[in-house]
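K.L.:
I'd like to ask some things about the structure below.
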Amino acid sequence: MLQSHMQKIDKEQYLINSLTSEHIGDDAAVIGDTLYSMDAFFEDTHFKREWMSLTQIARKAMLVNISDAVAMNAKPKYALVTLSLPHDIKDYEIELLTEALESTAKEFGCEIIGGDTIGGDKLHLSITIISKSDDPLFRTGLKEGDMLAYTGVLGESLANLQALMQGEKIDENAKFYEPLLRVEFVEKARSFLRVGMDISDGLYCDTNKLLDINKYGKEDLLLIDDNIGLSGEEYEMLIGFDPVHLETLKKIAEETGTPLTVFAKVTKNSERYPCKSHHF
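Each number in this note's numbering comes from the position in the sequence shown (counting from 1) with 125 added on.
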């Protein structure tokens with residue numbers, strides 16, 4: 126059964142905290158001007174086969190991986206793809222998967238250069254993205270008084286998931302199928318941002334991560350509804366910046382057609398959001 130969005134992040138963070146590399150902590154590991162990131166997209170954990178076509182599954186798997194590069198102001202260059210294929214999968218179905226993976230990667234200038242294929246009981250995809258950036262956007266660097274904002278309109282992904290779990294149909298362009306990556310906004314806004322990350326575990330949980338790593342708290346400037354705060358797999362941007370840049374960022378958001386909502390201010394306290402997630 127698909128894991129719900131209502132379970133606490135504990136095992137994932139415990140695992141991350143158990144690793145010792147200094148490169149761990151951002152959407153991608155940065156070594157020189159090269160960034161490395163990887164995400165899994167597993168049947169019955171992230172999707173059900175009856176919910177999505179094979180083309181939609183492969184496309185979303187690639188998009189959520191490229192999102193990590195976009196979130197760090199990096200250009201994806203190469204991808205390594207590992208597929209666990211059910212034993213009864215047909216040749217034409219494999220072609221659908223590979224065509225969608227390659228076409229989606231190419232949209233972002235990324236080339237699939239290898240990977241691995243194994244047989245299994247379910248369809249699983251694991252993708253590594255190798256990207257480049259001369260000015261990566263990290264999660265660390267917040268200062269007291271900075272503002273926190275998010276792009277887009279949050280909540281649709283959770284609503285989509287709830288509808289699917291109730292046996293309902295959703296639009297083929299719904300965010301659960303087709304996350305929108307804010308490439309142009311991040312590129313133009315980069316020099317005015319202190320920190321940034323994509324919203325994969327929900328605004329509440331990801332804001333807490335940002336506050337934890339910077340050792341700050343927050344003061345709410347806007348009341349966030351739980352349907353917005355707990356909606357995972359949105360892949361919008363969560364950003365932090367000096368208030369002096371607010372008007373500039375609003376202008377960039379308008380130019381790029383990017384809704385931008387300021388919701389909190391960084392302060393010295395221990396305030397956190399009620400964090401619940403879909404992992405494990």
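We treat Cβ as the ideally placed atom computed from N, Cα and C, and that holds for glycine.
Given a threshold of 16 other Cβ atoms within 10 Å of its Cβ, counted over all protein chains shown, does V195 qualify as buried or as exposed?
P.N.:
Position 70 of the sequence shown, counted from the first residue, corresponds to residue 195. So V195 ends up on the buried side.
K.L.:
Does I134 come out as helix, strand or coil in the three-state DSSP assignment?
P.N.:
One-based indexing of the sequence shown puts residue 134 at position 9. Unreliable placement is indicated for I134, whose pLDDT of 48 sits below 50; the coordinate value is still reported in the next sentence. Residue state, collapsed to three classes: coil.
K.L.:
Consult DSSP for E406 and reduce its assignment to one of helix, strand or coil.
P.N.:
The structure shown does not extend to residue 406, since the chain spans only 126 to 405, so no value can be given for it.
K.L.:
With a cut-off of 8 Å, do at least 3 Cβ pairs link the region 265 to 272 to the region 154 to 164?
P.N.:
Flag = no, the region 265 to 272 and the region 154 to 164 do not touch.
K.L.:
Have a look at V189, K390, L328 and T223 and flag the residue whose alpha-carbon is nearest the alpha-carbon of D241.
P.N.:
Taking the sequence shown and counting its residues from 1, one reaches residue 241 at position 116. Taking only the C-alpha atoms, the option nearest D241 is T223.
K.L.:
Exposed or buried, which one is L262 when buried takes at least 16 other CB atoms within 10 Å?
P.N.:
As a first step, residue 262 is located in the sequence shown; it is residue number 137 there, counting from the start. Buried, since its Cβ has 16 or more Cβ neighbours within 10 Å.
K.L.:
Runs of 4 residues minimum, wholly inside the region 233 to 292: which ones carry the alpha helix (DSSP H) assignment?
P.N.:
You should have 281 to 290.
K.L.:
Assuming K401 contacts L355 (C-beta within less than 8 Å), just tell me the rounded distance between them.
P.N.:
Residue mapping note: residue 401 aligns to position 276 of the sequence shown, counting from 1. Residue mapping note: residue 355 aligns to position 230 of the sequence shown, counting from 1. The pair is a contact, with the Cβ atoms about 6 Å apart (cut-off 8 Å).
K.L.:
Under 8 Å by Cβ, that's how I've got K185 and F166 pegged, so tell me the actual separation to the nearest angstrom.
P.N.:
On the sequence shown, residue 185 is found 60 positions in, with the first residue counted as 1. On the sequence shown, residue 166 is found 41 positions in, with the first residue counted as 1. The pair is a contact, with the Cβ atoms about 7 Å apart (cut-off 8 Å).
K.L.:
If we require 4 or more residues per run, which alpha helix (DSSP H) segments fall completely within the region 338 to 370?
P.N.:
The region 338 to 370 contains these whole alpha helix (DSSP H) runs: 351 to 354.
K.L.:
Out of curiosity, what's the CA-to-CA distance linking N285 and W176?
P.N.:
Along the sequence shown, one-based indexing puts residue 285 at 160. Along the sequence shown, one-based indexing puts residue 176 at 51. Approximately 11 Å, taken between the alpha carbons.
K.L.:
Are the beta-carbon atoms of A204 and I182 separated by less than 9 Å?
P.N.:
Taking the sequence shown and counting its residues from 1, the one referred to as residue 204 is at position 79. Taking the sequence shown and counting its residues from 1, the one referred to as residue 182 is at position 57. No, they are not a contact pair.
K.L.:
Given this structure, state the Cα-to-Cα distance separating K313 from L248, to the nearest angstrom.
P.N.:
Counted from its first residue, the sequence shown places residue 313 at position 188. Counted from its first residue, the sequence shown places residue 248 at position 123. Cα to Cα, the separation comes out at about 37 Å.
K.L.:
Among all the DSSP beta bridges, which residues are the ones paired with M177?
P.N.:
For the purposes of this step, residue 177 is taken as residue 52 along the sequence shown, with counting starting at 1. Answer by DSSP bridge pairing: none, since M177 is not bridged.
K.L.:
Kindly indicate the opening and closing residues of the beta strand (DSSP E) around A204.
P.N.:
Residue numbering aside, residue 204 sits at position 79 when the sequence shown is read from its first letter. Residues K200 to P211.
K.L.:
Three or more beta-carbon pairs under 8 Å between the region 282 to 296 and the region 339 to 358, yes or no?
P.N.:
The answer is yes - the region 339 to 358 touches the region 282 to 296, with three or more Cβ pairs under 8 Å.
K.L.:
Cβ of T229 within 9 Å of Cβ of R307?
P.N.:
Locating residue 229 in the sequence shown gives position 104, where the first residue counts as 1. Locating residue 307 in the sequence shown gives position 182, where the first residue counts as 1. Contact: no.
K.L.:
How far does the alpha helix (DSSP H) with A314 in it reach, from first residue to last?
P.N.:
The residue you call residue 314 lines up with position 189 of the sequence shown. Run containing A314: V308 to A314, per the alpha helix (DSSP H) assignment.
K.L.:
Can the beta-carbon of S160 be found closer than 9 Å to that of K257?
P.N.:
For the purposes of this step, residue 160 is taken as residue 35 along the sequence shown, with counting starting at 1. For the purposes of this step, residue 257 is taken as residue 132 along the sequence shown, with counting starting at 1. Residue 160 is actually Leu in this sequence, not Ser. In this structure, K257 lies closer than 9 Å to L160 by Cβ.
K.L.:
Take the Cβ of S192 as the centre, count every other Cβ of all protein chains shown within 10 Å, and call the residue buried at 16 or more, exposed below.
P.N.:
What you label residue 192 is simply residue 67 of the sequence shown in a count that begins at 1. Classification of S192: buried, given that the 10 Å Cβ count is 16 or more.
K.L.:
Tell me which same chain residues have a C-beta within less than 7 Å of the C-beta of Y398, skipping the five on either side of it?
P.N.:
To locate residue 398, count along the sequence shown from 1; it is residue 273. Closer than 7 Å at the Cβ level, and outside the excluded window around Y398, lie Y329, T332, N333 and G354.
K.L.:
Can you say whether S162 is buried or exposed, counting buried as having 16 or more other CB atoms within 10 angstroms of its CB?
P.N.:
The count along the sequence shown starts at 1 and reaches residue 162 at position 37. Label assigned to S162: buried.
K.L.:
Taking the beta carbon of K300 as the centre, do at least 16 other beta carbons fall within 10 Å, making it buried, or is it exposed?
P.N.:
Residue mapping note: residue 300 aligns to position 175 of the sequence shown, counting from 1. With 16 or more other Cβ atoms within 10 Å, it is buried.
K.L.:
Leaving aside the five residues before and after K453 along the sequence, list all residues of the same chain whose C-beta is less than 7 Å from its C-beta, in chain order.
P.N.:
This structure gives no information on residue 453, because the portion of the chain shown stretches from 126 to 405.
K.L.:
For T381, which of E309, F366, E293 and T276 has the nearest alpha-carbon?
P.N.:
For the purposes of this step, residue 381 is taken as residue 256 along the sequence shown, with counting starting at 1. For T381, the nearest C-alpha among the options comes from E309.
K.L.:
Leaving out five residues on either side along the sequence, give the residues of the same chain with a beta carbon under 7 Å from the beta carbon of D259.
P.N.:
Translated into the one-based positions of the sequence shown, residue 259 becomes position 134. Contacts found: D158.
K.L.:
Name the one or two DSSP bridge partners that A378 has.
P.N.:
What you label residue 378 is simply residue 253 of the sequence shown in a count that begins at 1. Bridge partners of A378: none, in fact.
K.L.:
Find the nearest neighbour of Y341 within the set E396, L221 and G234, judged by alpha-carbon distance.
P.N.:
As a working note, residue 341 is residue 216 in the sequence shown. The shortest Cα separation from Y341 among E396, L221 and G234 belongs to E396.
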